[in-house]
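Residue numbers (the working numbering): 5 to 330. The next block holds one structure in the form of structure tokens; read it before the comments.
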């Protein structure tokens, strides 16, 4: 139930006394200055604000009183519909009704609050579950990233090991090639020494054969001298030699007394035979090791090719054809 007149009482209590009544016989008001007018306006504004706050508070209290009256009426109606067991009449029956209404309202509010709490707990549980799922996804992603990183490191280590092995193999191949080159140079030097010794031996034989020849008659002496000259001409061209080289495919190429350059052959012996140095004595040439010299075991003949002293495959010179006067 609304209680009239409360706003007017509050308004009357807040208004200053000069505004409520003007005493009789007061002198005429004087003219206010601008500063006084400003202060008055400011004071009036403050009073209006305070008045508005008081009115708002009074209306709020009025609404609260009305709500309490409505709850009391509802509680009384509920008691009238569902009467409680008769009890001795006591004073304060209205208080029991109010307590009953309060209990009912409290139970309803408690139920609402519990529903809110339960919903909050459900939301918290759902949030925790989602957080756990997110953490699990992040853990799996970290494990996958770490596995990829370990795989990359393993591949890098394998690549480094392969590179080191390849470098070591290249170094070994280079050392082997240099060793083969040194061996070939030693063989060439040995063959040159053998060729020089052979030439010296043949020259000594020729000198000895010339000094021992003594024709008994003038005619026979003439024929013997011509035979000695022919023999000297036959051995004066020096020993027959050949040079051969090897390819990576396992074939051989030789130059010798009868040919300056031949095609590649699968057999070293056959290549020497085609070059006019059948059964030549020497070392088998190696791949990328240059040429290898061979002694054919006979003397050069007129019209054949004299081999250079040094490896012709390494710039040692070119074969020279032998003539009757050379």
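Built from N, CA and C at the ideal position, the CB exists for glycine as well.
For residue 283, the secondary structure class from DSSP, reduced to helix, strand or coil, is coil. Looking at the DSSP output, residue 291 shares a beta bridge with 250. Boundaries of the alpha helix (DSSP H) around residue 274: 272-278. Each residue's CA atom was taken as its position, placing residue 202 and residue 189 some 20 Å apart. Going by beta carbons, residue 166 and residue 199 fall outside the 8 Å limit. DSSP places residue 261 in the coil class of the three-state scheme, outside both helix and strand. For the pair residue 78 and residue 105, the Cα-to-Cα distance works out to about 8 Å. Of the candidates 80, 109 and 118, 80 places its Cα closest to the Cα of residue 101. For residue 34, no beta strand (DSSP E) encloses it, and the DSSP letter there is neither H nor E.
Residue state for residue 306 is assigned as coil, using DSSP reduced to three classes.
Residue 196 is a Cβ neighbour of residue 313, given a cutoff of 8 Å.
Between the stretch 247-254 and the stretch 278-298, the count of Cβ pairs shorter than 8 Å is three or higher; the stretches touch. In this structure, DSSP gives residue 256 an extended state, which the three-state scheme calls strand. With 16 or more other Cβ atoms inside 10 Å of its own Cβ, residue 326 counts as buried. Assigned with DSSP and collapsed to three states, residue 49 falls in helix. Look at residue 313 here: in three-state DSSP terms it is coil, with no helix or strand label.
About 5 Å separates the Cβ atoms of residue 324 and residue 310, confirming a contact at the 8 Å cut-off. Annotated as proximal: residue 269 and residue 255, with beta-carbon spacing under 8 Å. Between residue 304 and residue 260 a beta carbon distance of about 10 Å is seen, past the 8 Å cut, so the two are scored as non-contacting.
Pairing residue 290 with residue 184 gives a Cβ-Cβ distance under 8 Å. Residue state for residue 61 is assigned as helix, using DSSP reduced to three classes. With 16 or more other Cβ atoms from the protein chains shown falling within 10 Å of its own Cβ, residue 284 counts as buried. About 13 Å separates the Cβ atoms of residue 315 and residue 187, ruling out a contact at the 8 Å cut-off. Inter-residue distance for residue 145 and residue 151 is about 10 Å (C-alpha atoms, whole angstroms). By the beta-carbon neighbour count (other beta carbons within 10 angstroms, threshold 16), residue 321 is exposed. Pairing residue 280 with residue 263, the inter-Cα distance amounts to about 7 Å.
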